[in-house]
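The structure under discussion appears below in the form of structure tokens.
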Amino acid sequence: MVVPALGLQMRKIVGLATMVLASCQAMAPVEAQQGGVVAPPLPSSMDFADPTQNLAITTVAPGLRYVLGRNVSSNTIVLDTQAGAVIIDTSRPPASRAHFDLLQKAGVTKAAYVILTHGHGDHTGGVALWKGAGAKVVAQESLGEFLDYQRMLAGFFGRRNAAQFQFAGSGGAAAPAQPGGQAAAAQLNAPSIVPDITFRDTLDLDVGGVKLQLISTPGETPDHLTVWSPSLKAAFVGDNFYESFPNMYTLRGTRPRWPMDYINSLNKVLALEPEIVIPSHGPAIVGRENVRAQFTRMRDAIGYVHDAVLKGMNEGKDVHTLMREIKLPPALDVGEGYGKISWSVRGIYENYVGWFDGDPASMFPEGRSSVSDSLVRLAGGPVAVAGEAMKLVGEGKLVEALHMTSIGLEGVPGDKDVLRARVAAFEALVKASTNRNELGWLNQGLAEAKKGLQQ
Ligand SMILES: [Zn+2]
Numbered sequence: 000m001v002v003p004a005l006g007l008q009m010r011k012i013v014g015l016a017t018m019v020l021a022s023c024q025a026m027a028p029v030e031a032q033q034g035g036v037v038a039p040p041l042p043s044s045m046d047f048a049d050p051t052q053n054l055a056i057t058t059v060a061p062g063l064r065y066v067l068g069r070n071v072s073s074n075t076i077v078l079d080t081q082a083g084a085v086i087i088d089t090s091r092p093p094a095s096r097a098h099f100d101l102l103q104k105a106g107v108t109k110a111a112y113v114i115l116t117h118g119h120g121d122h123t124g125g126v127a128l129w130k131g132a133g134a135k136v137v138a139q140e141s142l143g144e145f146l147d148y149q150r151m152l153a154g155f156f157g158r159r160n161a162a163q164f165q166f167a168g169s170g171g172a173a174a175p176a177q178p179g180g181q182a183a184a185a186q187l188n189a190p191s192i193v194p195d196i197t198f199r200d201t202l203d204l205d206v207g208g209v210k211l212q213l214i215s216t217p218g219e220t221p222d223h224l225t226v227w228s229p230s231l232k233a234a235f236v237g238d239n240f241y242e243s244f245p246n247m248y249t250l251r252g253t254r255p256r257w258p259m260d261y262i263n264s265l266n267k268v269l270a271l272e273p274e275i276v277i278p279s280h281g282p283a284i285v286g287r288e289n290v291r292a293q294f295t296r297m298r299d300a301i302g303y304v305h306d307a308v309l310k311g312m313n314e315g316k317d318v319h320t321l322m323r324e325i326k327l328p329p330a331l332d333v334g335e336g337y338g339k340i341s342w343s344v345r346g347i348y349e350n351y352v353g354w355f356d357g358d359p360a361s362m363f364p365e366g367r368s369s370v371s372d373s374l375v376r377l378a379g380g381p382v383a384v385a386g387e388a389m390k391l392v393g394e395g396k397l398v399e400a401l402h403m404t405s406i407g408l409e410g411v412p413g414d415k416d417v418l419r420a421r422v423a424a425f426e427a428l429v430k431a432s433t434n435r436n437e438l439g440w441l442n443q444g445l446a447e448a449k450k451g452l453q454q
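Take the sequence shown: its letter number 39 is residue 38 in numbering that gives the first Met the number 0, and every next letter is one higher.
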């Protein structure tokens, strides 16, 4: 997840409300130092910066250190043993190399194992480097199948990742902040890894006298695992916990992520009563009561949303109504800097029953765009549509303005008045957004609308 590179200001966000997250103190003040623009309320692991810069090794306990990943690159976690280091997750290119070099300089030159919490490219980018340092690769047995799924759709995910994470080459407004371009985007979805050791439910490792237990904990992905160190009372949970409501549906596209999987897996971690948790994005969580409180709240937040969706579905409510209606009660508010409740509501709804919304018109391949030209004509033409969209922008009805311009452009593709209104809507939405993934897509939309104006 994601800090802006020096000299880049792709987001000019001013005066936003603070997220209710303890970890927000870790926000990068980079933008604030550059021209007086207030930094956005995104946790440091999720901001839009060069992920190879401002890296540091944090020691959490004797023999336990990690490099905090920036900009949707995972942390690299190191457990020292007499038989060499155990590495948990390896970040993504180019951060994976920067983490590796930093740790090598700190004396982590021999690795016994590299354990992958799951097969996402932001965790697996440094596997070859650590293998070179002697590590055997350990993963849950579903890793191979999960990598195949991503590889099978590499073209699709390449485009979607580039837009959502604003890689150079995506054409997005924040793209210059992300080094690596399309090649980095491609590596996010098709890492080629063959583990040396796999397991189904649990695996016990003894590494130079340090005992570790690996536990299957499906959640964000089917191959997700948790590493438990009984001696340190430390759990390493991958992406099943981070500083936000989880991405139960991620906009770049994903197979179903079931709420019940998350809940069962968070319960497995809670049962261990950890005193330290290091997630694979964001800082370590320390203190048994602190861990218990944060994990309980996350579990209950997920359960609350799941139950609210089912209740609404059974009452006959449509998905958009539920996306608007379902909010977390204050006691369960875990923030929405990365995942959003509304996307999860729709993800849960459609994972249970699929896409048909009950409107007979939806059965046919002709979608809304088949009548957009008629609508624009009836409205009095694209100038009238653009005027109405600008009025909506003025009233702060930004999403409505976006819809208006979508219909306008479907009716009259490339119309400059409608595109100008669309740029205005996107610029206001970017200023107001406090969600990392939403910002990625808004910046992408803004760049595409601006490009349309130049054509
Ligand atoms: Zn991740």
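Ideal placement from N, C-alpha and C gives every residue a C-beta, glycine not left out.
Report task. Could you say which of L115, R298, D222 and Y337 lies nearest to F164 if we only look at CA atoms? Result -> Y337
Query raised in the report: Leaving out five residues before and five after D299 in sequence, what residues of the same chain have Cβ atoms less than 6 Å from its Cβ?
Result: L331
Query raised in the report: How many whole angstroms separate the CB atoms of L224 and I214, which I take to be in contact at a CB cut-off of 8 Å?
Result: 6 Å
Query - K106 versus G120 - alpha carbon distance - result: Note on identity: in this sequence residue 106 is Gly, with Lys being the wrong assignment. Those two C-alpha atoms are separated by around 26 Å.
Requested in this report: Assuming L265 contacts F244 (C-beta within less than 8 Å), just tell me the rounded distance between them.
Outcome: The Cβ separation is near 13 Å, so there is no contact.
Report task. Classify T197 as helix, strand or coil using the three-state DSSP reduction. Result -> strand
**Report entry** Bridge-paired residues (DSSP) for R64
**Finding:** T58 and V77
Requested in this report: Excluding the 5 residues preceding and the 5 following F99 in the sequence, name in chain order all residues of the same chain whose CB lies nearer than 6 Å to its CB.
Outcome: G125 and L128
Report task. Could you tell me which residues DSSP pairs with Y112 in its beta bridges? Result -> V85 and K135
**Report entry** Residue burial classification, Y351 (beta-carbon count within 10 angstroms, cutoff 16)
**Finding:** exposed
Query raised in the report: Going straight from the alpha carbon of L146 to that of D358, what length do you get?
Result: 37 Å
Query raised in the report: Out of curiosity, what's the CA-to-CA distance linking K316 and R296?
Result: 27 Å
**Report entry** Distance between R158 and G237 (C-alpha atoms, nearest Å)
**Finding:** 25 Å
**Report entry** Beta-carbon contacts of A448 that lie in its chain and below 7 Å, excluding the five residues immediately before and after
**Finding:** L418, R421, V422 and F425
Query - Beta carbon of I277 nearer than 8 Å to that of I76 - result: yes
Query raised in the report: On the three-state DSSP scale, how would you describe Q165?
Result: coil
Report task. Could you have a look at F235 and say whether DSSP puts it in helix, strand or coil? Result -> strand
**Report entry** Exposure of M259, with buried meaning 16 or more beta-carbon neighbours within 10 Å
**Finding:** exposed
Requested in this report: Please indicate yes or no: does the CB of D121 lie closer than 7 Å to some heavy atom of ligand 1?
Outcome: yes
Report task. Could you check the C-alpha separation between P412 and V318 for me, to the nearest Å? Result -> 29 Å
Report task. Along the beta strand (DSSP E) that carries V455, what are the first and last residues, could you check? Result -> Residue 455 lies beyond the range of the chain shown here (0 to 454); nothing can be said about it.
Query raised in the report: Hey, quick one: how far does the alpha helix (DSSP H) through K104 stretch, first residue to last?
Result: A94 to K104
Report task. Name, in chain order, the residues that DSSP records as bridge partners for S215. Result -> L224
Query raised in the report: Does the beta-carbon of V333 have 16 or more other beta-carbons within 10 angstroms, so that it is buried, or is it exposed?
Result: buried
Query - K339, DSSP secondary structure in three states - result: coil
Requested in this report: Can you tell me the Cβ-Cβ gap for A134 and I86, rounded? I've got them flagged as a contact below 8 Å.
Outcome: 6 Å
Query raised in the report: Quick one: complete alpha helix (DSSP H) runs, 4+ long, within the region 237-324?
Result: 258-270, 287-313 and 318-324
Query raised in the report: Rounded to a whole number of angstroms, what is the C-alpha to C-alpha distance between G252 and W227?
Result: 30 Å
Query raised in the report: What are the boundary residues of the alpha helix (DSSP H) that includes S371?
Result: S368 to A378
Query raised in the report: Helix or strand or just coil, what does DSSP make of D121?
Result: helix
Requested in this report: Indicate whether H305 and G68 have their beta-carbon atoms separated by less than 8 Å.
Outcome: no
Query raised in the report: For E365, does the count of other Cβ atoms within 10 angstroms reach 16, so buried, or fall short, so exposed?
Result: exposed
**Report entry** DSSP three-state assignment for K396, whether helix, strand or coil
**Finding:** coil
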